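Let me begin by presenting the structure, written as structure tokens, before commenting on it.
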Amino acid sequence: MKYKMVVADADGTLLNDKKEITAATKSSIKKFRNMGGIFTLATGRGILSATPYINELNIDVPVILFNGCIIYDPVNKKILHEKYLSDDLYKLTANIWQEGRYDVEILVYSIDGIFVNKISDFIKSYMAIEHVKCDVVDDLSSLNKIIKVLFRGNSKTSLKLVDEIRQLSDEPFTCVQSDEYFIEILPYGVTKGSALIKLCEILNINIDQVVAIGDQDNDREMIIKAGFGVAMGNADDIIKNSANYIAKSNLEDGVSDILEKVINEEI
Numbered sequence: 279m280k281y282k283m284v285v286a287d288a289d290g291t292l293l294n295d296k297k298e299i300t301a302a303t304k305s306s307i308k309k310f311r312n313m314g315g316i317f318t319l320a321t322g323r324g325i326l327s328a329t330p331y332i333n334e335l336n337i338d339v340p341v342i343l344f345n346g347c348i349i350y351d352p353v354n355k356k357i358l359h360e361k362y363l364s365d366d367l368y369k370l371t372a373n374i375w376q377e378g379r380y381d382v383e384i385l386v387y388s389i390d391g392i393f394v395n396k397i398s399d400f401i402k403s404y405m406a407i408e409h410v411k412c413d414v415v416d417d418l419s420s421l422n423k424i425i426k427v428l429f430r431g432n433s434k435t436s437l438k439l440v441d442e443i444r445q446l447s448d449e450p451f452t453c454v455q456s457d458e459y460f461i462e463i464l465p466y467g468v469t470k471g472s473a474l475i476k477l478c479e480i481l482n483i484n485i486d487q488v489v490a491i492g493d494q495d496n497d498r499e500m501i502i503k504a505g506f507g508v509a510m511g512n513a514d515d516i517i518k519n520s521a522n523y524i525a526k527s528n529l530e531d532g533v534s535d536i537l538e539k540v541i542n543e544e545i
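In our numbering, the protein residues as written are 279 to 545.
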């Protein structure tokens, strides 16, 4: 096969809208791996929320988590690569949000867990769907070693908040949209694309031999950097225009379709 590794986003890509991996997708992944291919994930999810899918697919190679902030070895349960927000940038972000001028919710991610200021209806739903627990902290600015911050709500409101942080911060950071309602702040220079380059170094694979599949803004960099970039049929036009190929949607087993094309050397 021309391509040795396939890296897929999870939500909106590998997973259907019920957060399931279909039988057809599992079958194609198994076939690809049996032929010597490597299949792994690049997701905004953390270790806890990605683990059920890692286990379901028996993934035995490192995965990209937290939108590129962490590369995690699920076999040895070791973090191979990690990036954090600086304490100053994080505290500025938390303090501006805590002033209450922006009507969006906040989730703060660290290796130790996910922190919020209250358990809203959305947070209850999020915990159930993502298989995670969120801990309540009265003063979010007191936290340390933060990987990323997620704002949930009207994306225009979240982006105004991000603009204020950018204007007041002495240091740059990365901002990505990972869902219609999710805007994330990540360490500067960190994307799934930067993590994919690092993962290829770890696995000693040429990035030209990698297929990357995604559907959201946070997938764009890895789609561009991979040897063959694929946008899901449910992706928006910006992502589609960045890709070499547009697959079927996540409701039409788009990942399975791409894997079969890789196996049959049709791409």
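Built from N, CA and C at the ideal position, the CB exists for glycine as well.
All figures in this text were calculated on a predicted structure; none of them were measured in a lab.
Runs of the alpha helix (DSSP H) lying entirely within the stretch 410-445, each at least 4 residues long, are absent. Under DSSP, K356 shares a beta bridge with D351. Beyond the five residues adjoining it in sequence on each side, D531 comes within less than 7 Å, by CB distance, of T300, A302 and T303 in the same chain, given in chain order. The C-beta of K361 has 16 or more other C-beta atoms within 10 Å across all chains shown, which makes the residue buried. Boundaries around D535 are those of the alpha helix (DSSP H), G532 to I541, since no beta strand (DSSP E) includes it. Sixteen is the threshold: since fewer than 16 other Cβ atoms of the shown chains lie within 10 Å of the Cβ of N482, the residue is exposed. Residue G346 holds the alpha-carbon nearest to the alpha-carbon of L474 among S327, L292, G346 and N542. Distance between K308 and K476, taken at the CA atoms: about 25 Å. Take Y281, set aside five residues on each side of it, and the residues of its chain with a beta-carbon closer than 8 Å to its own are G315, Q487, V488, V489, G505, F506, V540 and I545, in chain order.
Following the DSSP letters along the chain, one finds D366 in no beta strand (DSSP E) but inside the alpha helix (DSSP H) bounded by residues D365 to Q376. DSSP lists L428 and V454 as the bridge partner or partners of E462. Sixteen is the threshold: when 16 or more other Cβ atoms of the shown chains lie within 10 Å of the Cβ of P352, as they do, the residue is buried. S398 and S436 have their C-alpha atoms roughly 18 Å apart.
For A406, the enclosing alpha helix (DSSP H) stretches over residues D399 to E408.
Relative to the Cα of G322, the nearest Cα in the group L418, D514 and V427 belongs to V427. Using a Cβ-Cβ distance cut-off of 8 Å, the stretch 413-427 and the stretch 355-375 are in contact, since at least three pairs of beta carbons, one from each stretch, lie closer than that value. With fewer than 16 other CB atoms across the displayed protein chains lying within 10 angstroms of its CB, S403 is exposed.
The beta carbon of E383 lies closer than 8 Å to those of V394, S398, F400, I401, F429, R430 and G431 in the same chain, with the five residues before and after it left out. With contact defined as three or more Cβ pairs closer than 8 Å, the stretch 409-421 and the stretch 447-455 are not in contact.
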